[in-house]
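Q: Dropping the structure in here first, questions after.
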Amino acid sequence: MAQETSIPGLYVHIPFCASRCGYCDFFSVTDMGLMAGFMLALVGEIDACRGEFREFDTVYLGGGTPSLLPLQQLERIMDRIRRVFRILPGAEITIEINPADWRRDELFAVRELGINRISIGIQSFDEKELALLGRRHGREQALRTLEDAAASGFDNLGLDLIYGLPGQEFRQWQASLVQALAFEPAHVSCYELELKPRTPLGRRYEQGEFPVRTEATQRDFFMKTSEFLEGSGYIHYEVSSFARGMGMASRHNQKYWDHTPYLGLGPSAHSFRDGRRWWNHESIGDYIRDLENGKRPVSGREELTAEQLALEALFLGLRTSRGIHLGQYRSRYGIDLMAEKGPLLKDLGRAGLIDIERDSIRPTRTGMAVADSLALL
Ligand code: SF4
Numbered sequence: 011m012a013q014e015t016s017i018p019g020l021y022v023h024i025p026f027c028a029s030r031c032g033y034c035d036f037f038s039v040t041d042m043g044l045m046a047g048f049m050l051a052l053v054g055e056i057d058a059c060r061g062e063f064r065e066f067d068t069v070y071l072g073g074g075t076p077s078l079l080p081l082q083q084l085e086r087i088m089d090r091i092r093r094v095f096r097i098l099p100g101a102e103i104t105i106e107i108n109p110a111d112w113r114r115d116e117l118f119a120v121r122e123l124g125i126n127r128i129s130i131g132i133q134s135f136d137e138k139e140l141a142l143l144g145r146r147h148g149r150e151q152a153l154r155t156l157e158d159a160a161a162s163g164f165d166n167l168g169l170d171l172i173y174g175l176p177g178q179e180f181r182q183w184q185a186s187l188v189q190a191l192a193f194e195p196a197h198v199s200c201y202e203l204e205l206k207p208r209t210p211l212g213r214r215y216e217q218g219e220f221p222v223r224t225e226a227t228q229r230d231f232f233m234k235t236s237e238f239l240e241g242s243g244y245i246h247y248e249v250s251s252f253a254r255g256m257g258m259a260s261r262h263n264q265k266y267w268d269h270t271p272y273l274g275l276g277p278s279a280h281s282f283r284d285g286r287r288w289w290n291h292e293s294i295g296d297y298i299r300d301l302e303n304g305k306r307p308v309s310g311r312e313e314l315t316a317e318q319l320a321l322e323a324l325f326l327g328l329r330t331s332r333g334i335h336l337g338q339y340r341s342r343y344g345i346d347l348m349a350e351k352g353p354l355l356k357d358l359g360r361a362g363l364i365d366i367e368r369d370s371i372r373p374t375r376t377g378m379a380v381a382d383s384l385a386l387l
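Yeah, the sequence shown ends on 387 if you go by this note's numbering, and it's all consecutive.
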């Protein structure tokens with residue numbers, strides 16, 4: 011059984027969006043009338059977790075659109091979290107921001123709440139691409155939000171971008187990257203557009219409205235993006251994540267990749283501890299109802315077997331540049347990878363997908379590009 015190795019992280023899901031983007035399959039609703047009930051329920055859930063988790067060194071306010079919450083509500087959440095849990099000195103506290111609904115004066119106020127990292131959902135600087143994605147903001151709003159964020163003194167500033175849009179050429183994508191780097195962000199996340207069937211864009215794709223994207227094209231974008239950002243001084247430390255030095259890597263996200271415990275609050279949020287995973291209702295009504303009835307709003311749970319944990323650790327580890335430390339893997343999961351999969355790993359090494367070092371295996375850039383299939387080894 012995997013043992014806890016470090017301090018847990020806290021995730022809070024704010025399930026509101028002013029409108030739904032065409033590619034998104036995260037849980038959120040557009041009915042702001044549910045906000046008051048949600049806030050009461052969230053405070054109840056925070057209280058209900060007292061004792062189960064005691065301290066955190068990362069807090070992540072995600073969504074949904076946390077920046078839609080009025081400032082007083084953000085303050086209420088942070089205050090309750092701090093009353094119930096110990097947030098360690100130096101904790102990384104992140105909020106996701108949508109350029110469509112953020113104002114400069116609020117950025118200053120957010121800093122006052124102790125939030126020290128912002129992650130801005132820019133996605134693209136191209137008007138046509140933003141429209142295709144169904145984003146509510148345009149290029150000018152994206153630029154202004156980044157300028158404001160820099161002016162308000164956030165030095166740990168991250169932004170999210172999406173590539174691989176239908177018909178997009180690399181030079182168009184690179185223009186967004188170049189524009190992003192002009193702000194010298196500490197962190198850049200580059201997500202390949204996934205056309206999931208339950209999203210409007212996914213349905214349009216299934217109806218044949220967009221050309222089929224070949225794996226070779228996707229890989230080409232991935233490789234060139236990695237080369238470009240690494241050539242610009244960023245470390246490609248996880249399949250989608252780049253940081254200007256490992257000190258700027260997302261401490262919170264790293265917990266998801268190495269089986270560190272985390273608590274997720276809010277509808278649809280997932281939690282993990284000691285090989286157990288559980289998740290909340292993907293419905294604000296069910297979430298509120300359970301908490302009103304004094305119940306935890308959990309809709310499902312699973313206990314991972316030792317084998318599942320080991321496989322998951324392999325899958326997640328091979329998505330990060332740090333890779334897998336063989337000794338730590340052996341002591342945590344009871345498996346000697348070189349003894350059990352030595353010939354296969356050597357084949358992957360010869361194919362240029364992983365580097366095998368004395369005490370660890372790490373994916374190469376090419377390996378990261380096919381990280382999902384590497385895990386099937
Ligand atoms: S991408 Fe973000 S803003 Fe758009 S619908 Fe999803 S959660 Fe809401």
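Here a beta-carbon is modelled for each residue, glycine too, at the ideal position from N, C-alpha and C. Remember, it's a predicted structure, so these values are computed and weren't measured experimentally.
What would DSSP say about Ala101, mapped onto helix, strand or coil?
A: Position 91 of the sequence shown, counted from the first residue, corresponds to residue 101. DSSP places Ala101 in strand when its eight states are reduced to three.
Q: Please list the terminal residues of the continuous beta strand (DSSP E) segment that includes Leu251.
A: To locate residue 251, count along the sequence shown from 1; it is residue 241. This sequence places Ser at residue 251; Leu is not what is there. Ser251 -> beta strand (DSSP E) spans Ser251 to Ala253.
Q: Find the nearest neighbour of Gly257 within the set Ile245, Tyr266, Trp267 and Val249, judged by alpha-carbon distance.
A: By 1-based counting over the sequence shown, the position of residue 257 is 247. Out of Ile245, Tyr266, Trp267 and Val249, Ile245 has the C-alpha closest to the C-alpha of Gly257.
Q: Entirely within the region 141 to 209 and at least 4 residues each: give me those alpha helix (DSSP H) ranges in chain order.
A: For the region 141 to 209, whole alpha helix (DSSP H) runs of length 4 or above, ordered along the chain, are 149 to 161 and 180 to 191.
Q: Over the uninterrupted beta strand (DSSP E) stretch that includes Phe388, give me the two end residues.
A: The structure shown does not extend to residue 388, since the chain spans only 11 to 387, so no value can be given for it.
Q: Use the C-beta contact count for Glu122: other C-beta atoms within 10 angstroms, 16 or more gives buried, fewer gives exposed.
A: On the sequence shown, residue 122 is found 112 positions in, with the first residue counted as 1. It is exposed - the Cβ of Glu122 has fewer than 16 other Cβ atoms within 10 Å.
Q: DSSP puts Asp365 in a beta bridge; with which residues?
A: Locating residue 365 in the sequence shown gives position 355, counting from the first residue. Its beta-bridge partners are Arg372.
Q: Here's the rule I'm using: 16 or more other beta-carbon atoms within 10 Å means buried, otherwise exposed. How should Pro25 be labelled?
A: Indexing the sequence shown from 1 puts residue 25 at position 15. Buried: at least 16 other Cβ atoms inside 10 Å.
Q: Is Cys34 near the ligand SF4 - that is, is its Cβ less than 6 angstroms away from at least one heavy atom of it?
A: As a first step, residue 34 must be located in the sequence shown, where it is residue number 24. Indeed, a heavy atom of the ligand SF4 lies less than 6 angstroms from the Cβ.
Q: Indicate whether Val249 and Arg329 have their beta-carbon atoms separated by less than 7 angstroms.
A: Locating residue 249 in the sequence shown gives position 239, where the first residue counts as 1. Locating residue 329 in the sequence shown gives position 319, where the first residue counts as 1. Going by C-beta atoms, Val249 is nearer than 7 angstroms to Arg329.
Q: Relative to the ligand SF4, is the shortest distance from any of its heavy atoms to the C-beta of Ser38 smaller than 6 angstroms?
A: Walking along the sequence shown from the start, residue 38 turns up at place 28. Yes, since a heavy atom of the ligand SF4 falls inside the 6 angstroms radius drawn around the Cβ of Ser38.
Q: Shorter than 6 angstroms, the distance from the beta carbon of Arg30 to the closest heavy atom of the ligand SF4, or not?
A: Translated into positions along the sequence shown, residue 30 becomes position 20. Yes, the Cβ of Arg30 comes within 6 angstroms of a heavy atom of the ligand SF4.
Q: Taking the CB atoms as reference points, tell me whether Ala51 and Leu273 lie closer together than 7 angstroms.
A: Position 41 of the sequence shown holds residue 51. Position 263 of the sequence shown holds residue 273. No.
Q: Which one of Asp296, Arg93, Gly32 and Val198 has the shortest CA to CA distance from Val308?
A: Position 298 of the sequence shown, counting from 1, holds the residue named residue 308. Closest option to Val308, Cα to Cα, is Asp296.
Q: Which residues in the same chain have their Cβ closer than 8 angstroms to the Cβ of Leu98, if we skip the five residues on either side of it in sequence?
A: Position 88 of the sequence shown holds residue 98. Ile17, Glu65, Phe66 and Asp67, listed in sequence order.
Q: Taking only heavy atoms of the ligand SF4 into account, decide whether any of them is closer than 6 angstroms to the Cβ of Gly74.
A: Here residue 74 refers to the residue found at position 64 of the sequence shown. Yes; taking the cut-off as 6 angstroms, the Cβ of Gly74 has a heavy atom of the ligand SF4 nearer than that.
Q: Please tell me whether, using a cut-off of 6 angstroms, the distance from the CB of Cys27 to the nearest non-hydrogen atom of the ligand SF4 is below it.
A: As a working mapping, residue 27 is identified with position 17 in the sequence shown. Yes, since a heavy atom of the ligand SF4 falls inside the 6 angstroms radius drawn around the Cβ of Cys27.
Q: Tell me where the alpha helix (DSSP H) around Glu85 begins and ends.
A: In the sequence shown, the residue the question calls residue 85 occupies position 75. Taken as a continuous stretch (DSSP letters only), the alpha helix (DSSP H) holding Glu85 covers Leu81 to Val94.
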